[in-house]
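First up is the structure itself, then whatever we jot down about it.
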Amino acid sequence: MGNNETKLTEQKYRPKEVSIQAECLPNAPRDRHTTTGLRVNPYSGLKPLISSGEELAICSPTGEQDTTNTNNESEIAKTCYQDKLLPKCRELGIPIEQQTIHYFLSNFVLLPRWSNNLGHMTYLMALMKTPDSTSTFALSLSAVSMGAFGNRPQSRSLRPRAFLKYMEAVKRVNTALRDPELAKSDHTLASVLLLGMFETIYSDKAITSWNNHMSGAVALLKMRGKEIPKNPITRQLYLIVRAQVIPYCFAQSKTLDLPLDWWMSLSVPGMHSSSDTNLKVVDLKSKVDLILTSRSRSLAKYEQVVQLARQAEALEEEYVTWIAGLDAPWLFKTIVWNDRLPEEDEDSMCFPGKVDLYGGMWMANIWNMTRACRLLLSQVHLRCVAWLYGPRDYKTSPEYHKARVHCEILIADIIASVPNFLGGVPEIDDDEGSTAGCAFPCGEGSRIVRKGVSGMFLLWPLSTAITSDFASVAQRKWMARKLRSTSACPRGG
Numbered sequence: 002m003g004n005n006e007t008k009l010t011e012q013k014y015r016p017k018e019v020s021i022q023a024e025c026l027p028n029a030p031r032d033r034h035t036t037t038g039l040r041v042n043p044y045s046g047l048k049p050l051i052s053s054g055e056e057l058a059i060c061s062p063t064g065e066q067d068t069t070n071t072n073n074e075s076e077i078a079k080t081c082y083q084d085k086l087l088p089k090c091r092e093l094g095i096p097i098e099q100q101t102i103h104y105f106l107s108n109f110v111l112l113p114r115w116s117n118n119l120g121h122m123t124y125l126m127a128l129m130k131t132p133d134s135t136s137t138f139a140l141s142l143s144a145v146s147m148g149a150f151g152n153r154p155q156s157r158s159l160r161p162r163a164f165l166k167y168m169e170a171v172k173r174v175n176t177a178l179r180d181p182e183l184a185k186s187d188h189t190l191a192s193v194l195l196l197g198m199f200e201t202i203y204s205d206k207a208i209t210s211w212n213n214h215m216s217g218a219v220a221l222l223k224m225r226g227k228e229i230p231k232n233p234i235t236r237q238l239y240l241i242v243r244a245q246v247i248p249y250c251f252a253q254s255k256t257l258d259l260p261l262d263w264w265m266s267l268s269v270p271g272m273h274s275s276s277d278t279n280l281k282v283v284d285l286k287s288k289v290d291l292i293l294t295s296r297s298r299s300l301a302k303y304e305q306v307v308q309l310a311r312q313a314e315a316l317e318e319e320y321v322t323w324i325a326g327l328d329a330p331w332l333f334k335t336i337v338w339n340d341r342l343p344e345e346d347e348d349s350m351c352f353p354g355k356v357d358l359y360g361g362m363w364m365a366n367i368w369n370m371t372r373a374c375r376l377l378l379s380q381v382h383l384r385c386v387a388w389l390y391g392p393r394d395y396k397t398s399p400e401y402h403k404a405r406v407h408c409e410i411l412i413a414d415i416i417a418s419v420p421n422f423l424g425g426v427p428e429i430d431d432d433e434g435s436t437a438g439c440a441f442p443c444g445e446g447s448r449i450v451r452k453g454v455s456g457m458f459l460l461w462p463l464s465t466a467i468t469s470d471f472a473s474v475a476q477r478k479w480m481a482r483k484l485r486s487t488s489a490c491p492r493g494g
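Below, the structure is given as structure tokens:
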């Protein structure tokens with residue numbers, strides 16, 4: 002089936018209640034675009050449930066889980082890496098459902114091979130082995146797997162089928178949300194996260210309803226109450242929501258919804274303090290938004306804005322302290338300087354300037370998340386400076402000059418990290434002591450770059466850098482090209 006036929010088939014099967022808006026990446030937090038997505042928020046019915054269950058403690062997931070097998074993820078990962086959980090699926094006769102699941106696990110799920118990293122979407126392996134009374138989770142996983150698989154040039158004909166699965170999964174999630182017990186199930190929360198991921202990877206030219214799914218995930222957490230979950234799988238799901246709520250709040254100018262201290266209390270051993278600082282930046286932005294929306298000027302408000310500016314400076318110091326305390330394996334190093342590349346070459350794997358090497362892509366991702374938040378923190382600080390300087394031009398202030406230098410360095414560092422995700426830097430041999438080891442649960446080889454997860458990791462940092470006032474025109478063009486080429490999942494074979 003050709004591309005034109007595939008598009009016609011998608012239009013035929015696309016229900017009317019779904020509206021897709023073009024010309025921007027699904028996850029890009031850009032104020033100049035609006036997100037429409039589902040015209041009817043499938044999670045709007047959660048509001049009465051939340052209000053009635055606000056004080057409830059967290060209930061156990063539907064179906065008992067064997068937590069003894071999920072505590073030691075590193076052991077699971079080593080077994081998966083060596084023995085391959087699933088067979089090759091390129092052979093003829095393998096059902097398409099099995100092929101798509103295999104493809105998804107071997108492109109998006111990272112299991113930690115060592116104890117000092119958390120991997121990516123590791124909860125899937127445990128939930129796939131536990132009972133799911135409504136099959137909502139299985140259908141959601143099937144939809145996102147087929148959506149990712151259908152992005153390959155030779156598999157486009159699967160896209161309409163993937164979308165139908167997605168719509169059926171949305172209906173089942175809606176049904177589960179009407180049942181207070183099912184609404185508190187880990188399978189339901191995981192389904193919502195997977196449906197949001199489907200919106201991100203289904204098309205490289207669409208903004209859809211990722212925001213609706215994200216708001217639904219936060220609502221499900223509120224519904225469970227404020228007790229910290231002890232179940233390791235539930236904790237992983239909470240941490241996924243916590244990580245995604247940061248770009249969500251920035252993109253939608255929303256508050257954290259739940260108390261900052263509660264979000265921070267979800268941290269587990271091995272997590273970096275920068276993740277807590279990222280949350281503090283979101284909280285500070287909410288306070289600045291609240292105060293600066295009013296045009297009134299008074300002495301009391303002046304003092305408030307001064308305090309907010311100082312808080313922004315203190316948070317930047319927290320990042321500096323975090324960097325100073327990192328162990329040697331977490332530090333990156335510049336391995337080459339490309340001074341002969343033309344800036345107009347948007348297709349080049351590297352941008353003119355330096356290329357940095359990290360101990361692993363997972364490490365580079367942690368660094369870039371902090372850089373994105375530091376860029377936004379600088380923006381928040383400059384808003385305070387602009388208000389304090391008004392009606393004078395704040396761009397003449399020393400604070401603005403300092404912010405320009407600071408942000409230009411952050412943007413250059415994000416750009417210099419891209420080859421660690423898309424290829425172009427030497428491989429790190431994890432078996433020789435690297436502390437960044439991750440493994441896919443199935444598939445051939447252990448190469449992580451240029452896979453679906455690498456595109457997912459790049460989306461928000463590049464989207465944040467590209468919208469910064471301090472990015473050059475050439476940098477914006479190059480980053481936009483990288484965003485289009487990755488689009489959260491591989492387009493090749």
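In our numbering, the protein residues as written are 2 to 494. Note that CB positions come from ideal geometry on N, CA and C, so glycine has one too.
- As DSSP reads the structure, Asp357 sits in a beta bridge with Thr335.
- Rounded to whole angstroms, the gap between the alpha carbons of Pro233 and Phe352 is 41 Å.
- With a cutoff of 8 Å on beta-carbon distance, Ile202 and Ala144 are scored as not near each other.
- The region 477-485 makes no contact with the region 390-402, as fewer than three CB pairs between them are under 8 Å.
- Taking 8 Å as the cut-off, the beta carbon of Thr278 is found closer than this to the beta carbon of Trp323.
- Leu221 sits away from Ala244, with the two beta carbons spaced by 8 Å or more.
- A residue is called buried once 16 or more other Cβ atoms fall within 10 Å of its Cβ, and Lys334, having fewer, is exposed.
- Restricting attention to Ser134, Thr294 and Val110, the CA atom closest to the CA of Met126 is found in Val110.
- About 14 Å separates the Cβ atoms of Val426 and Leu459, ruling out a contact at the 8 Å cut-off.
- With a cut-off of 8 Å on Cβ pairs, the region 408-415 is not in contact with the region 301-315, counting fewer than three such pairs.
- In this structure, Leu142 sits near Leu195, with a CB-CB distance shorter than 8 Å.
- In the DSSP assignment, Gly197 falls within the unbroken alpha helix (DSSP H) covering Asp187 to Ile202.
- Beta-bridge annotation (DSSP): Pro154 is not paired with any residue.
- A straight line joining the alpha-carbon of Asn152 with that of His402 spans about 44 Å.
- The shortest CA-to-CA distance from Glu228 to any of Leu285, Val282, Leu293 and Leu259 is the one to Leu259.
- Listed in chain order, the non-local C-beta contacts of Phe471 below 7 Å within the same chain comprise Arg405, Cys408, Glu409 and Ile412, local neighbours out to five positions each way being set aside.
- Distance from Asn212 to Gln253 at the Cβ level is roughly 6 Å; contact confirmed, criterion being Cβ atoms closer than 8 Å.
- Note on the region 350-395: whole beta strand (DSSP E) runs with a minimum of 3 residues are 354-358, in chain order.
- Here the C-alpha atom of Ile95 lies approximately 12 Å from the C-alpha atom of Ile102.
- Between Leu285 and Leu309, the gap from beta carbon to beta carbon is short of 8 Å.
- When DSSP states are grouped into helix, strand and coil, Leu259 belongs to the coil group.
- For Lys223, the enclosing alpha helix (DSSP H) starts and ends at Trp211 to Arg225.
- Put simply, of Leu261, Asp262 and Met272 the residue whose alpha carbon is nearest the alpha carbon of Gln237 is Met272.
- Less than 8 Å divides the Cβ of Cys385 from the Cβ of Val289.
- Around Ala365, the same chain offers Tyr359, Ser418 and Asn421 as residues with beta carbons nearer than 6 Å, after the five sequence neighbours per side are excluded.
- Excluding the 5 residues flanking it on each side, Leu128 has same chain C-beta neighbours closer than 8 Å at Phe138, Asp187, His188, Ala191 and Ile234, in chain order.
- Burial is judged here by how many other beta carbons sit within 10 angstroms of a residue's own beta carbon; Ser464 has at least 16 and is buried.
- Here Pro113 carries a strand assignment [DSSP, helix/strand/coil].
- In its chain, beyond the 5 residues on either side, no residue has a beta carbon closer than 7 Å to the beta carbon of Arg298.
- Beta-bridge partners assigned by DSSP to His407: none are found.
- In the three-state DSSP reduction, His273 falls in the coil class, being neither helix nor strand.
- Straight through space, the alpha carbons of Met224 and Arg341 are spaced by roughly 56 Å.
- Bounds of the alpha helix (DSSP H) holding Glu319 are Leu300 to Ala325.
- In the DSSP assignment, His121 forms a beta bridge with Leu111.
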